[in-house]
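Colleague: First the structure, then my questions, so here it is.
Number of protein chains: 2
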Amino acid sequence: MQYGVIMAGGSGTRLWPMSRAERPKQLLPIIGGKSLLRLSFERLLQFLPPERICVCTSAAHRAQVVAELPDMARGNLLGEPCPRDTANAVGFPAAVLLKRDPQAVMAVVTADHVIEPVDRFAQCIRQGFVVAAEHPESLVTFGIVPTFGHTGLGYVHRADALSLQSGAAGAYRVSEFKEKPDQATADRYVASGDYYWNSGMFVWRCDTFLAELQQHLPESAKGLATIAAAWDTPRQSEVLAAVYPTLPKISVDYGVMEPASLGKGKASVAVVEMPVRWIDVGSWPALAEVLKSDGDGNVTEGGPAVVIDSQQNIIVSDDPEHLVSAIGLRDMIIIHTRKATLVCPRSEAQRVKTLVDLTKARFGTKYL
Amino acid sequence: MQYGVIMAGGSGTRLWPMSRAERPKQLLPIIGGKSLLRLSFERLLQFLPPERICVCTSAAHRAQVVAELPDMARGNLLGEPCPRDTANAVGFPAAVLLKRDPQAVMAVVTADHVIEPVDRFAQCIRQGFVVAAEHPESLVTFGIVPTFGHTGLGYVHRADALSLQSGAAGAYRVSEFKEKPDQATADRYVASGDYYWNSGMFVWRCDTFLAELQQHLPESAKGLATIAAAWDTPRQSEVLAAVYPTLPKISVDYGVMEPASLGKGKASVAVVEMPVRWIDVGSWPALAEVLKSDGDGNVTEGGPAVVIDSQQNIIVSDDPEHLVSAIGLRDMIIIHTRKATLVCPRSEAQRVKTLVDLTKARFGTKYL
Chain Z
43 MQYGVIMAGG SGTRLWPMSR AERPKQLLPI IGGKSLLRLS FERLLQFLPP ERICVCTSAA
103 HRAQVVAELP DMARGNLLGE PCPRDTANAV GFPAAVLLKR DPQAVMAVVT ADHVIEPVDR
163 FAQCIRQGFV VAAEHPESLV TFGIVPTFGH TGLGYVHRAD ALSLQSGAAG AYRVSEFKEK
223 PDQATADRYV ASGDYYWNSG MFVWRCDTFL AELQQHLPES AKGLATIAAA WDTPRQSEVL
283 AAVYPTLPKI SVDYGVMEPA SLGKGKASVA VVEMPVRWID VGSWPALAEV LKSDGDGNVT
343 EGGPAVVIDS QQNIIVSDDP EHLVSAIGLR DMIIIHTRKA TLVCPRSEAQ RVKTLVDLTK
403 ARFGTKYL
Chain P
43 MQYGVIMAGG SGTRLWPMSR AERPKQLLPI IGGKSLLRLS FERLLQFLPP ERICVCTSAA
103 HRAQVVAELP DMARGNLLGE PCPRDTANAV GFPAAVLLKR DPQAVMAVVT ADHVIEPVDR
163 FAQCIRQGFV VAAEHPESLV TFGIVPTFGH TGLGYVHRAD ALSLQSGAAG AYRVSEFKEK
223 PDQATADRYV ASGDYYWNSG MFVWRCDTFL AELQQHLPES AKGLATIAAA WDTPRQSEVL
283 AAVYPTLPKI SVDYGVMEPA SLGKGKASVA VVEMPVRWID VGSWPALAEV LKSDGDGNVT
343 EGGPAVVIDS QQNIIVSDDP EHLVSAIGLR DMIIIHTRKA TLVCPRSEAQ RVKTLVDLTK
403 ARFGTKYL
């Protein structure tokens, strides 16, 4: 059977003060009142019933996730007791699903991006399932067609087209994964037409993935097998709490996909081209791109605002009882929450993380 | 006897959202934790005992004034039921004081400015009392030595020096009051050396002032006499509430000082030079001038703030539990209160009043 797994870890520091330790980016109701997690869930509902969608998240956010996804099966919420990076965050649901269904094939998707159009996304994931069905040894990754030489992303270098009996096009063997490149290299990748942005989304048979995990990260594979053995039994929580923290912290790209792409295991790595708008909303200017703006280019979300002679500003509040007002501002960001207010030019949005670090150093977690 | 009267009306709209209808500028604890009213009171304490200091304010702010001035005699707090402009705001205490003391001489001072040095201020007011003693028919105004051609102030044109038996210098006959001039005229005034900024501060015998009021504004004089007759009797409140709203709305400059300076009454008008720093703190940049700044020129008052790479900003909060943070800001104003946040460049500070009007039109008084 086919399953969807949403990776909903991460904190979204660059969306502080709206995103906080206790309410990370994925859970903010910031896009038409919906959270990124909800949008990700709804994307999967295009081709999967809710009972076959899992969410892997921090155990601390369990209640908020349930509130966001009331239509999700409770047993499909996998709460990590602590973050152990993505190799385990995908391996954990793979092990649980394999226990429940020896034929399980899973699509791993993220909740960090807005993806448009949703139909095309769904079509690509479906094609990933086709590849995994025809080539059961495949680990299928999804490659976003790059629109510029992004230096903050990994790249996937495609090789020959993959032949499929179904005749579907757009799937390739992967020749290599590339870490974040410098600008000249990134520009060369884009110009070549042979590179994709590494989306962090995958499709694979759970048995194929776990065999590969066993090959490259045997300690993770062993721990996750122990957890899976206890899953859906009374010992589930106890074993999870005991074993999960012992798993080695390593990313799925570095720990599994890269060695697999180099032929170091039994699996082969394929990439399905995903020609979508793939919008990282991890910073305020990026988020503003997907929000509605007024005639002056001002984006106003959440609470009341009064502006005079102001253009291209981002004003977000979580307090309908508090007024945010501006005069003569251009290209500024104003974020108001009950705990804190942030003001900075759009061009400084990447430094919000630094500000959060400084705030933590000075005040502890009081305002985080 | 000599008395001091503090005029503490006005709203201070340009200091919104910190100043509000229910907490006007004079009552904000913004200068080293003291309000402008408190500072004004303490300036008078330099040469007057507290029982001879009166405050004329809106009746609505009575409780806040008492809290700010616990050392003031309660009977000296004159609460206007409604604003009737400055001719009545000074005439009201003049009438009350004259009833209590037929020899009363009063100094009218404002609570809108920071004045430095305080010693010199006190010396000038004392000299005003000398002028009023030697020339009992005088209405004494105080002229601030102008430092630039301010177009937002009225000017006092001095004539001959006033001869005083005590030999004190710096007092002159007034030849004319001038309304707010255009820039060229203002510059000419300053260059001439014969003009002062009209401070709105005065010294006069109460009987002299009220006689002049009778001459130029008989309706006001009659109403205030009715109020004074009932003052310190059980009918005080009732008569005040009935009569005060009927008084004609007019300023003391336009209604009394200008006609008096033109010789239309019995009084003569004198000006005492007041060579002080007279700082109108009626806007955020002006207020910031008298507050402490850090090494980057940032003024931070009231609540916690974290700033990165920011210079010459004004950050004021009234909430110690709320963090205001900034990255890469220059010459900006950020004011945070529980009701509202204002962000604007320093250069736009004069438009805060427009913003308040717009806010009122859109939301009523909710955020004011």
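Keeping their order, the protein sequence lines are chains Z and P.
The numbers in the first sequence follow the numbering used here, run straight up by one, and end at 410.
The numbers in the second sequence follow the numbering used here, run straight up by one, and end at 410.
Note that CB positions come from ideal geometry on N, CA and C, so glycine has one too.
Would you grab the beta carbon distance between Z:S325 and Z:Q392 for me? Rounded to a whole angstrom, and I think it's under 8 Å.
Modeller: 6 Å
Colleague: Under 8 Å, do P:A347 and P:I357 count as touching if we go by C-beta distance?
Modeller: For P:A347 and P:I357, yes; Cβs fall inside 8 Å.
Colleague: Quick one: is P:I376 near chain Z, going by C-beta distance under 8 Å?
Modeller: Interface residue, yes.
Colleague: Could you tell me which of Z:G235, Z:V132, Z:T275 sits nearest to Z:M148, measuring between CA atoms?
Modeller: Z:V132
Colleague: So Z:A302 packs on Z:A309, CB below 8 Å; how close in whole Å?
Modeller: Between Z:A302 and Z:A309 a beta carbon distance of about 5 Å is seen, short of the 8 Å cut, so the two are scored as contacting.
Colleague: Counting only beta-carbon separations shorter than 8 Å, does Z:Y45 have a partner in chain P?
Modeller: At a cut-off of 8 Å between beta-carbon atoms, Z:Y45 makes no contact with chain P.
Colleague: Tell me which same chain residues have a C-beta within less than 7 Å of the C-beta of Z:A283, skipping the five on either side of it?
Modeller: P123
Colleague: What residue from P:P92, P:D322, P:S100 has the CA that sits closest to P:L195's CA?
Modeller: Among P:P92, P:D322, P:S100, the Cα nearest to that of P:L195 is on P:D322.
Colleague: CA-CA distance, Z:A115 and Z:A270?
Modeller: 18 Å
Colleague: From P:M316, P:G406, P:V281, P:L139, pick the residue whose C-alpha is nearest to that of P:D161; which is it?
Modeller: For the residues P:M316, P:G406, P:V281, P:L139, the minimum Cα distance to P:D161 belongs to P:M316.
Colleague: Would you tell me roughly how many angstroms separate the C-alpha atoms of P:Q165 and P:W239, rounded to the nearest one?
Modeller: Distance from the CA of P:Q165 to the CA of P:W239, rounded to the nearest whole angstrom, comes to 18 Å.
Colleague: Measure the alpha-carbon distance for P:S82 versus P:H103 and round it to whole angstroms.
Modeller: 16 Å
Colleague: Quick check: the Cα distance between P:L371 and P:G406, rounded to an integer number of angstroms?
Modeller: 31 Å
Colleague: What residues match up with Z:S335 in a beta bridge as DSSP calls it?
Modeller: Z:V341
Colleague: Report yes or no: do three or more beta-carbon pairs, one from the stretch 63-73 of chain P and one from the stretch 366-381 of chain Z, lie closer than 8 Å?
Modeller: no
Colleague: Using a Cβ-Cβ cutoff of less than 7 Å, which residues in the same chain neighbour Z:A267 once the five nearest sequence positions on both sides are dropped?
Modeller: A137
Colleague: Report the neighbours of Z:E390 on chain P: residues whose CB is nearer than 7 Å to its CB, in chain order.
Modeller: Simply I369, G370.
Colleague: Counting only beta-carbon separations shorter than 8 Å, does P:K395 have a partner in chain Z?
Modeller: no
Colleague: One question on the structure: do Z:D154 and Z:K291 come within less than 8 Å of each other, judged by their Cβ atoms?
Modeller: no
Colleague: Using a Cβ-Cβ distance cut-off of 8 Å, determine whether P:D202 contacts chain C.
Modeller: This model lacks chain C altogether, as its protein chains are Z and P.
Colleague: Residue range of the alpha helix (DSSP H) that Z:T183 falls in?
Modeller: Segment 180-186 is the beta strand (DSSP E) holding Z:T183; no alpha helix (DSSP H) there.
Colleague: Buried or exposed for P:G170, please, with buried defined as at least 16 other CB atoms from any protein chain shown within 10 angstroms of its CB.
Modeller: Result: buried.
Colleague: Contact criterion: CB-CB distance below 8 Å. Does P:A330 meet it with respect to chain Z?
Modeller: no
Colleague: What are the boundary residues of the alpha helix (DSSP H) that includes Z:N130?
Modeller: 127-142
Colleague: In whole angstroms, what is the alpha-carbon distance linking Z:I157 and Z:P362?
Modeller: 29 Å
Colleague: What did DSSP end up calling Z:D295 once you bin it into helix, strand or coil?
Modeller: helix
Colleague: How many angstroms separate the CA atom of P:Q88 from the CA atom of Z:V341?
Modeller: 54 Å
Colleague: With Z:Y409 as the anchor, note down where its beta strand (DSSP E) starts and where it stops.
Modeller: Taken as a continuous stretch (DSSP letters only), Z:Y409 belongs to no beta strand (DSSP E), as it is neither H nor E.
Colleague: Report all residues from its chain with a CB closer than 6 Å to the CB of P:S217; omit the five preceding and five following residues, and keep chain order.
Modeller: H199, A201
Colleague: State the Cα-Cα distance for the pair P:T193 and P:G297, rounded to the nearest angstrom.
Modeller: 21 Å
Colleague: Could you check if Z:M299 is buried or exposed, using at least 16 other CB atoms within 10 Å of its CB as the buried criterion?
Modeller: buried
Colleague: If you follow the alpha helix (DSSP H) that P:T383 is part of, which residue opens it and which one closes it?
Modeller: No alpha helix (DSSP H) holds P:T383; the beta strand (DSSP E) holding it covers 382-387.
Colleague: Give me, in chain order, the residues of the same chain whose beta-carbon lies closer than 6 Å to that of P:G117; leave out the 5 immediate sequence neighbours on both sides.
Modeller: none
Colleague: Please check the pair P:L78 and P:V97, which I expect to be a contact at CB under 8 Å, by giving their CB distance rounded to whole angstroms.
Modeller: So it is not a contact: roughly 12 Å between Cβ atoms.
Colleague: Using the beta-carbon of each residue, which ones in chain Z are nearer than 8 Å to P:R404?
Modeller: V348
Colleague: Just checking my contact of Z:R56 with Z:V394 at CB under 8 Å: how many whole Å lie between their CB atoms?
Modeller: 5 Å
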